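Chemist: Heads up: the sequence shown runs through residues 4 to 268, numbered per my numbering. Every residue, glycine too, gets a C-beta built ideally from N, C-alpha and C. Nothing here was measured: the structure is a model prediction, and the numbers come from that model.
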Amino acid sequence: MIFPIGSIAQIAKSLIEIMILWAVYYRVLLFFEGTRAFQVLKGIAYLTIALLVSQVCGFEVLNWLLKNFFSIWIIVIVVIFQHELRSGLARLGQQHLFSISLGEVEIKKLIEEIADAVYRLSKYKIGCLIALEREMKLSLYIESGVALDAKVSSPLVQSLFMNTSPLHDGGMVIRGERIEASSCLFPLSENPSVSKTVGTRHRAALGLSEQTDALIVLVSEQSGDVSLAFEGRFIQAYNQEHFVNLLRELLVPAKAKKQENRLRR
Numbered sequence: 004m005i006f007p008i009g010s011i012a013q014i015a016k017s018l019i020e021i022m023i024l025w026a027v028y029y030r031v032l033l034f035f036e037g038t039r040a041f042q043v044l045k046g047i048a049y050l051t052i053a054l055l056v057s058q059v060c061g062f063e064v065l066n067w068l069l070k071n072f073f074s075i076w077i078i079v080i081v082v083i084f085q086h087e088l089r090s091g092l093a094r095l096g097q098q099h100l101f102s103i104s105l106g107e108v109e110i111k112k113l114i115e116e117i118a119d120a121v122y123r124l125s126k127y128k129i130g131c132l133i134a135l136e137r138e139m140k141l142s143l144y145i146e147s148g149v150a151l152d153a154k155v156s157s158p159l160v161q162s163l164f165m166n167t168s169p170l171h172d173g174g175m176v177i178r179g180e181r182i183e184a185s186s187c188l189f190p191l192s193e194n195p196s197v198s199k200t201v202g203t204r205h206r207a208a209l210g211l212s213e214q215t216d217a218l219i220v221l222v223s224e225q226s227g228d229v230s231l232a233f234e235g236r237f238i239q240a241y242n243q244e245h246f247v248n249l250l251r252e253l254l255v256p257a258k259a260k261k262q263e264n265r266l267r268r
């Protein structure tokens with residue numbers, strides 16, 4: 004059978020449109036992964052496939068029901084999940100194509116300095132909050148603090164979080180191997196499932212991890228426990244070796260994705 008050239012062109016055009024739409028939808032799913040809206044978006048994807056099948060097969064009743072569902076419930080979903088949508092759009096606006104990339108040697112040195120500082124602070128139950136920039140810019144939060152532009156070192160990080168330091172309140176932002184600013188303001192988490200007993204420092208860490216892809220390190224001044232906030236959840240570091248391994252696997256580009264997948268299991 005010979006297909007007309009016009010038909011082939013139309014089929015190719017339709018396939019390209021489907022691929023583009025699917026790529027966009029997949030990116031949207033990645034932005035909302037880990038939120039309440041994620042499961043809803045997955046459900047919408049299944050219903051969209053069902054709608055396409057009903058149109059191709061000529062199921063008129065099913066086609067009519069699905070079209071009416073989309074026309075009504077899309078508005079309802081936007082209202083219910085406005086917080087997740089707002090956070091996702093904020094993350095989209097902050098993402099950039101070219102981030103400061105360090106070699107594995109530089110990252111190893113950076114991790115050693117941070118780990119040494121964090122566990123010295125933990126030993127004396129001195130609270131700290133450190134955001135490590137990844138792919139999304141943290142410029143908005145850097146501007147809220149005091150600019151430093153200093154190379155990361157354990158003594159400097161420790162001194163900035165001492166109670167006697169005028170910059171010990173708020174969070175520190177690290178971009179590449181430099182401390183961009185300290186005493187920065189991070190957004191508090193609005194997740195209703197977070198316990199009311201969680202302190203401000205932990206809420207700030209969680210809030211920033213919900214709105215950006217940053218990796219946030221925090222030390223509790225009550226217990227001295229060290230943990231990470233990443234993609235809207237906490238990851239407990241059991242000891243300094245475990246902490247170093249977590250940072251290395253999340254910050255070294257070749258290993259980052261594997262670690263993210265492992266943490267989601």
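Am I right that residue 176 and residue 144 are in contact with their C-beta atoms under 8 Å? What's the rounded C-beta distance?
Modeler: Going by Cβ atoms, the distance from residue 176 to residue 144 rounds to 6 Å, so yes, they are a contact pair.
Chemist: Would you kindly report the start and end of the unbroken beta strand (DSSP E) that includes residue 172?
Modeler: It is not in any beta strand (DSSP E) - residue 172 carries neither H nor E in the DSSP assignment.
Chemist: If you check the beta carbons only, do residue 114 and residue 247 fall under 8 Å apart?
Modeler: For residue 114 and residue 247, yes; Cβs fall inside 8 Å.
Chemist: Tell me which residue opens and which closes the alpha helix (DSSP H) that residue 164 is part of.
Modeler: Per DSSP, residue 164 belongs to the alpha helix (DSSP H) from 157-164.
Chemist: The alpha helix (DSSP H) spanning residue 129 covers which residue range?
Modeler: No alpha helix (DSSP H) contains residue 129, which DSSP labels as neither H nor E.
Chemist: By Cβ distance below 8 Å, which residues in the same chain neighbour residue 50 in space, the five residues on each side in sequence not counted?
Modeler: Once the five neighbours on either side are set aside, the close Cβ partners of residue 50 are 69, 72, 73.
Chemist: Quick test of your reading: residue 148 and residue 185, contact by CB under 8 Å. State the CB separation rounded to the nearest angstrom.
Modeler: Correct: roughly 6 Å between the Cβ atoms.
Chemist: Beta-carbon within less than 6 Å of residue 254's beta-carbon, same chain only, minus the 5 sequence neighbours each way: which residues are those?
Modeler: Taken in chain order, the residues that qualify are 110.
Chemist: Return helix, strand or coil for residue 236, following the three-state DSSP convention.
Modeler: Strand.
Chemist: Hey, out of 252, 211, 161, whose CA is closest to residue 182's CA?
Modeler: It is 161.
Chemist: Are residue 174 and residue 187 close, meaning C-beta to C-beta below 8 Å?
Modeler: Closer than 8 Å, so yes.
Chemist: Mind checking whether residue 135 and residue 218 have CB atoms under 8 Å apart?
Modeler: Cβ atoms of residue 135 and residue 218: closer than 8 Å.
Chemist: Short of 7 Å in beta carbon distance, which residues of its chain neighbour residue 319, apart from the five on each side in sequence? Order them along the chain.
Modeler: There is no way to answer for residue 319, as the model of the chain reaches only from 4 to 268.
Chemist: Alpha carbon to alpha carbon, how far is residue 64 from residue 47?
Modeler: Approximately 19 Å between the Cα atoms of the pair.
Chemist: Going by DSSP, what residues sit across from residue 230 in a beta bridge?
Modeler: Residue 230 is bridged to 221, 239.
Chemist: Judging by CA-CA distance, which residue of 227, 211, 242, 241 is the nearest neighbour of residue 194?
Modeler: Of the listed residues, the one whose Cα sits closest to residue 194 is 211.
Chemist: Leaving aside the five residues before and after residue 196 along the sequence, list all residues of the same chain whose C-beta is less than 8 Å from its C-beta, in chain order.
Modeler: The answer is none, since no qualifying residue turns up.
Chemist: Please report the distance separating the alpha-carbon of residue 100 from that of residue 216.
Modeler: For residue 100, the pLDDT reaches just 38, beneath the cut-off of 50, and the residue's location in the model is therefore unreliable, although a value from the coordinates is still provided. For residue 100 and residue 216, the distance between alpha carbons rounds to 14 Å.
Chemist: Roughly how many angstroms lie between the CA atoms of residue 153 and residue 122, to the nearest whole one?
Modeler: Distance between the alpha carbons of residue 153 and residue 122: 21 Å.
Chemist: Hey, out of 21, 214, 118, whose CA is closest to residue 220's CA?
Modeler: Among 21, 214, 118, the Cα nearest to that of residue 220 is on 118.
Chemist: Using the Cβ count rule (16 or more neighbours within 10 Å means buried), how would you classify residue 30?
Modeler: Under this definition residue 30 is an exposed residue.
Chemist: If you draw a straight line from the alpha carbon of residue 22 to that of residue 13, how long is it in whole angstroms?
Modeler: Going from the Cα of residue 22 to the Cα of residue 13 covers about 14 Å.
Chemist: Within the continuous beta strand (DSSP E) that includes residue 183, where are the two ends?
Modeler: 181-187 is the extent of the beta strand (DSSP E) around residue 183.
Chemist: If the criterion is Cβ atoms closer than 8 Å, does the pair residue 132 and residue 208 meet it?
Modeler: Cβ atoms of residue 132 and residue 208: closer than 8 Å.
Chemist: So residue 211 is in the alpha helix (DSSP H); what residue range does that whole segment cover?
Modeler: First-last of the alpha helix (DSSP H) with residue 211: 203-214.
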